[in-house]
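Step one of this worksheet: look at the structure below.
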Amino acid sequence: FNAKSLGLQARIRPLPLFIITGGGYVGYDQYGRYRDRELERRGIEVPPRIANEAQVALYKSIPTRLLSRAWGRLNQVDLPTWLRKPIFSLYIWTFGVNMKEAAVEDLHHYRNLGEFFRRKLKPQVRPVCDSHCVTSPADGKILHFGRVRNCEVEQVKGVTYSLETFLGPHTWTDSVPINRNDEDKSSFQDMLVSKPGNELFHCVVYLAPGDYHCFHSPTDWRVAHRRHFPGSLMSVNPGVARWIKELFCHNERVVLSGEWKHGFFSLTAVGATNVGSIRIYFDKELRTNSPRYSKGSYNDFSYVSNNNQEGIFMRKGEHLGEFNLG
Amino acid sequence: STIVLLFEAPRDFTFNLKAGQKIHFGEPLGTI
């Protein structure tokens, strides 16, 4: 090495290099999104820009579970009374929370943000529709809905995930032969549909940070089984759901399955970065967002036992569970 | 966070929803 090249090395600082490359990448990405918007403006259907494996791996490498638990710990610290109103008012203003619907409107009542996040609503503000058999389980935004085809479910229009990966193997009822050979995908979907002439439907409800974060039973049904998938806690906001295929299969989630009057019924609560913990009121054994878990694992729990052959019967609108910070 | 409902229903089940709409717990999702 001569002095000049050493001098050159000394001058190339990593930070400016990182900023330039990062800025270039972001600029290129933003130009691509601008071009897509222009095409859509002219009415040309543009396929969603899906993250490649490297981008997903990079995103998954962020310690979201650790961050989520730290965020949860922070929000369990009781705030001094004088600080509660300013902190919660900032949260209310930032996320558009409607405190008039809260069962307790006095902000001093909530000792910390975790408690505020778990606030209940006044019973009369959410009448449960009697004339329809399926109602929304939560407050939120409808991300996507429709019929499930070929075992693929759309998380948002044009971005799908595998039904079998999402629910896991169909072993929760012993009426199905476990040693399935490698049949085509549709048989998994066919196994879920128990009655001839029926189809499989899905609906995705996204809960924003300011929404009421408890969830309720969407119909009259019998919950027979719980399957808990530990996993990542990537954000599930609509922008990320459009960008990362199979997002809901990466994230921590709890699948409740059972039956309603038309056959198979399931409700899955999917965690996210700031909302890593999922509680099911009638399931005291469930522990989510634990520090250690093995990738791709899941644990099963049956609510049908010797002395309770029926499982857990839930009425439409009944309190079912909640998402918690951390 | 997100809640995903997956259920079987007769073929003529129809959602009365629009993607992107806000919804409250207890409001109807669809009819048979």
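Quick mapping for you: the protein sequence lines, in order, are chains D and U. If you read the first sequence in the numbering used here, its first letter stands for residue 29, the second for the next number, and so on. If you read the second sequence in the numbering used here, its first letter stands for residue 3, the second for the next number, and so on. We put the beta carbon where it would ideally sit given N, CA and C, even for glycine. Just so we're clear, the structure is a prediction, and the values are computed from it rather than from any experiment.
Segment limits, beta strand (DSSP E) that includes residue i
i: D/W288; result: 281-288
i: D/S294; result: 291-298
i: U/P30; result: 30-33
Neighbouring residues, chain U, relative to residue i (Cβ below 9 Å)
i: D/T296; result: T4, I5, V6, L7, L8
i: D/I170; result: F17, L19, K20, A21, G22, Q23, K24, I25, L31
i: D/G225; result: P12, R13
i: D/C277; result: The contacting residues do not exist; D/C277 stays about 11 Å from chain U at best.
i: D/R154; result: H26, F27, G28, E29
Interface residues of chain U facing residue i [CB-CB closer than 8 Å]
i: D/C157; result: G28, E29, P30
i: D/P165; result: I5, L7, F27
i: D/S318; result: Near D/S318 there are no residues of chain U at all, since even the closest Cβ is about 18 Å away, more than 8 Å.
Spatially closest choice to residue i from the options, by CA coordinates
i: U/S2; options: D/L94, D/L107, D/H136, D/K169; result: There is simply no residue 2 of chain U to check, as chain U begins at 3 and stops at 34 in what is shown.
i: D/H160; options: U/L8, U/F9, U/N18, U/L7; result: U/N18
i: D/S285; options: D/T188, D/E81, D/A297, D/F123; result: D/A297
i: D/F144; options: D/V132, D/R154, D/Q152, D/P151; result: D/V132
i: D/S305; options: D/F293, D/S260, D/D218, D/A166; result: D/S260
i: D/T316; options: D/H241, D/L94, D/R307, D/P155; result: D/R307
i: D/A236; options: U/H26, U/T33, U/E10; result: U/H26
i: D/Q183; options: D/A269, D/D311, D/H290; result: D/A269
i: D/R343; options: D/R139, D/H137, D/V162; result: D/V162
i: U/T23; options: D/D248, D/V232, D/K289, D/S89; result: It is Gln, not Thr, that sits at residue 23 of chain U in the sequence shown. For U/Q23, the nearest C-alpha among the options comes from D/V232.
i: D/K128; options: D/R146, D/P197, D/V153; result: D/V153
Sheet register partners of residue i (DSSP bridge)
i: D/R254; result: D/L284, D/F329
i: D/K169; result: D/Y234, U/K24
i: D/V181; result: D/Y189
i: D/F229; result: D/R175, U/F9
i: D/L149; result: D/A130
i: D/F351; result: D/I306
i: D/T163; result: U/P30
i: D/N336; result: D/S333
Coil, strand or helix - residue i by DSSP
i: D/R343; result: coil
i: D/H241; result: coil
i: D/W200; result: coil
i: D/G52; result: helix
i: D/G124; result: coil
i: D/A131; result: coil
i: U/T16; result: strand
i: D/F310; result: coil
i: D/G100; result: helix
i: D/T92; result: helix
i: D/T109; result: helix
i: D/N209; result: Low confidence applies to D/N209: its pLDDT is 47, below 50, so where it sits in the model is not reliable, and the reading given next is rough at best. Here D/N209 sits in coil by DSSP.
i: D/S117; result: helix
i: U/S3; result: coil
i: D/R41; result: coil
i: D/S263; result: coil
i: D/F29; result: Its pLDDT being 49, under 50, D/F29 is placed unreliably by the model, and the measurement read from it follows with that caveat. The answer is coil: DSSP assigns D/F29 none of H, G, I, E or B.
i: D/I47; result: helix
Within chain U, partners of residue i - CB distance below 7 Å
i: D/G345; result: G28
i: D/K185; result: A21
i: D/L67; result: Ordered by position in chain U, no residue passes the 7 Å Cβ test against D/L67, which lies about 20 Å from the chain.
Delimiting residues of the alpha helix (DSSP H) encompassing residue i
i: D/E81; result: 81-88
i: D/V268; result: 266-271
i: D/H278; result: 275-278
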